[in-house]
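One structure below.
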Amino acid sequence: MGKLIKARDLRGKKKEELLKQLDDLKVELSQLRVAKVTGGAASKLSKICVVRKSIARVLTVINQTQKENLRKFYKGQNDRFVPCQLGDFNLQPFGY
Numbered sequence: 000m001g002k003l004i005k006a007r008d009l010r011g012k013k014k015e016e017l018l019k020q021l022d023d024l025k026v027e028l029s030q031l032r033v034a035k036v037t038g039g040a041a042s043k044l045s046k047i048c049v050v051r052k053s054i055a056r057v058l059t060v061i062n063q064t065q066k067e068n069l070r071k072f073y074k075g076q077n078d079r080f081v082p083c084q085l086g087d088f089n090l091q092p093f094g095y
């Protein structure tokens with residue numbers, strides 16, 4: 000791995016593939032951290048940032064697709080029964 004992953008490439012994958020890729024990235028990150036402690040090459044040290052950002056992208060895509068599927072599930076139901084995390088947020092303070 001070690002290469003920057005784009006979110007648009009991840010959106011077409013299934014959840015199982017994303018979880019597999021997430022596990023691979025976590026293993027790679029642990030190997031890079033071991034290399035950092037043992038005094039590895041500078042090229043390996045710079046990959047830590049790339050791998051961490053790739054992990055964040057994979058987790059973001061997983062969470063977004065999960066939320067999107069829940070919105071589809073609750074669509075058309077009474078607003079009382081929709082979880083507040085899925086609703087549209089009114090971000091204005093109460094005083095307005």
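Residues 0 to 95 in numbering that gives the first Met the number 0 are what the sequence shown spells out, letter by letter.
Idealized CB from N, CA, C, for every residue including glycine.
Alpha-carbon spacing of residue i relative to residue j, whole angstroms
| i | j | result |
| --- | --- | --- |
| L44 | K2 | 13 Å |
| E15 | A40 | 33 Å |
| L31 | K46 | 8 Å |
| G75 | I54 | 34 Å |
| S29 | S42 | 16 Å |
| K13 | E67 | 14 Å |
Residue i (DSSP reduced to helix, strand or coil)
| i | result |
| --- | --- |
| Q76 | coil |
| L21 | helix |
| I61 | helix |
| A55 | helix |
Own chain residues within Cβ distance below 8 Å of residue i, not counting five before or after
| i | result |
| --- | --- |
| L85 | K66, L69, R70 and Y73 |
| L17 | L9, V57, V60 and I61 |
| T64 | R10 and K14 |
The stretch 69 to 82 in contact with the stretch 23 to 31 per 3-pair CB rule at 8 Å: no
Segment contact flag, the stretch 53 to 70 with the stretch 29 to 36, C-beta cutoff 8 Å, min 3 pairs: no
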